[in-house]
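Undergrad:
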Amino acid sequence: MPKLHLKRTPQEEAHYARKRQRKQERRRREELDDNDGPGPSDYAKIQAEIEEARFREKMSLAFEDDERLDSLEARMNDFAHVPMRWGGTGSTNVYEGDDYPKMDPLQMDDEEYAEWVRVGMYRQVKTHAQEYDESQRRKAEKAAARAKRKAEKEETKRLEKVMEEERQQRKRERESRRLDFARGEYDSRWKVILATPNDAAQYDFRDIPWPVASKAHVSIDDLTSNAVTSFLFSSSIDEQKKDRKDKLRETYLRFHPDKFESRLMTRVRESEQEQVRLGVGQVVRILNDLMQQQ
0 MPKLHLKRTP
10 QEEAHYARKR
20 QRKQERRRRE
30 ELDDNDGPGP
40 SDYAKIQAEI
50 EEARFREKMS
60 LAFEDDERLD
70 SLEARMNDFA
80 HVPMRWGGTG
90 STNVYEGDDY
100 PKMDPLQMDD
110 EEYAEWVRVG
120 MYRQVKTHAQ
130 EYDESQRRKA
140 EKAAARAKRK
150 AEKEETKRLE
160 KVMEEERQQR
170 KRERESRRLD
180 FARGEYDSRW
190 KVILATPNDA
200 AQYDFRDIPW
210 PVASKAHVSI
220 DDLTSNAVTS
230 FLFSSSIDEQ
240 KKDRKDKLRE
250 TYLRFHPDKF
260 ESRLMTRVRE
270 SEQEQVRLGV
280 GQVVRILNDL
290 MQQQ
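Take the sequence shown: its position 218, counted from the start at 1, is 217 in numbering that gives the first Met the number 0, and no numbers get skipped.
#1: Considering only C-alpha positions, which residue in the set 221, 220, 218, 285 is nearest to residue 294?
#2: If you run the structure through DSSP and keep just helix, strand and coil, what is residue 267?
#3: Examine the ligand COA and report whether any of its heavy atoms sits within less than 7 Å of the Cβ of residue 258.
#4: Pull up the distance between the alpha-carbon of residue 343 and that of residue 113, whole angstroms please.
#5: Compute the distance between the beta-carbons of residue 268 and residue 203, then report whether it is under 8 Å.
#6: Suppose you measure from the CA of residue 137 to the CA of residue 173; what does that come to, to the nearest Å?
#7: Do you know offhand how far residue 194's Cα is from residue 263's?
#8: Measuring CB to CB, does residue 205 end up less than 8 Å from residue 191?
#9: Skipping 5 residues on each side, what residues in its chain have a beta carbon closer than 8 Å to that of residue 133?
#10: Considering just the uninterrupted stretch of the alpha helix (DSSP H) at residue 212, what are its terminal residues?
#11: With burial defined as no fewer than 16 other Cβ atoms inside 10 Å of the residue's Cβ, what is the status of residue 210: buried or exposed?
#12: Between the Cα of residue 231 and those of 186, 257, 124, spot the shortest distance and give me the residue it belongs to.
#13: By alpha-carbon positions, which one of 292, 271, 18, 252 ends up nearest to residue 282?
#14: Using the rule of at least 16 other Cβ atoms within 10 Å of the residue's Cβ for burial, across every protein chain shown, is residue 13 buried or exposed?
#15: Spatial neighbours of residue 228 within its chain, please: CB distance less than 7 Å, with the 5 preceding and 5 following residues excluded, ordered by chain position.
#16: Roughly how many angstroms lie between the CA atoms of residue 246 and residue 177, to the nearest whole one?
#17: Short check: CB of residue 293 to CB of residue 258, under 8 Å?
#18: Provide the residue(s) that pair with residue 202 in DSSP beta bridges, ordered along the chain.
#19: Report the three-state DSSP secondary structure of residue 293 (helix, strand or coil).
#20: Taking the alpha-carbon of residue 208 as reference, which of 111, 130, 184 has the nearest alpha-carbon?
#21: Between the C-alpha atoms of residue 220 and residue 10, what's the straight-line distance to the nearest angstrom?
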């Protein structure tokens, strides 16, 4: 039986086209690397040429230094003269100003050349001082900018921390209000149940006021130690130890197995009684642990 070939979708055609293109480009780069890359002998030749060029450059600089020193010594030994700037009240500095760069030292005599060199050195020192001052100013500006960015970053962190603390405080306040409302509803439902005649109503598991924050449907899995503790005890530091003991005692009397059986179990639907007994036992065990901790 011949092999069945299905027609490719446009997305598959585009994928295979990109794959072929990448493969061709990778093959082209490998060919270029193989053709252009020098071998070991070429590297040795290039290294030798570099060393030869460095040696010739060093020799050229050495010859230039010797010639410059010989010329300077010859000029200094020719004669001694009084520089123009020491020549008295009649001496003038013709090289101050914008004409200095335009002067040609080859057309000067010895005295003019000496003055020209002095002015050049003075201008170089002055320029260096200005460059130094400018570099110090730029350093100061950069340091000020870094200090400003650091201060802004620290202020941003401080504001973020303040905002986070405020957010957590609002969250705690909302949670506190929610629990206060749930506790009030919990007490009201118990009062209604205890005031209702025994044959007036039939309750399900969800109708029992369990000591946890109100939910649409409470199950046994919701009756945890953390849930019962946070519901019964306020997070306020002003809550006294006696208040906690009173809450534990009141809750324990409501869910005491014998009292619960005699007062409420007869009102629970028969199909829900086993589930309610499990919930009552779970609450009583949690209350016993909390009372031992107190």
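Glycine included, every Cβ here is placed at the ideal spot set by N, Cα and C.
TA: Result, derived from the coordinates:
#1: The requested residue 294 is not part of the displayed model; the chain covers only 0 to 293.
#2: strand
#3: Ligands displayed in this structure: none; no statement on the ligand COA is therefore possible.
#4: Absent from the structure is residue 343, since the part of the chain shown begins at 0 and ends at 293.
#5: yes
#6: 53 Å
#7: 11 Å
#8: no
#9: none
#10: Run containing residue 212: none; DSSP gives neither H nor E here.
#11: buried
#12: 186
#13: 252
#14: exposed
#15: 289
#16: 18 Å
#17: no
#18: 267
#19: coil
#20: 184
#21: 50 Å
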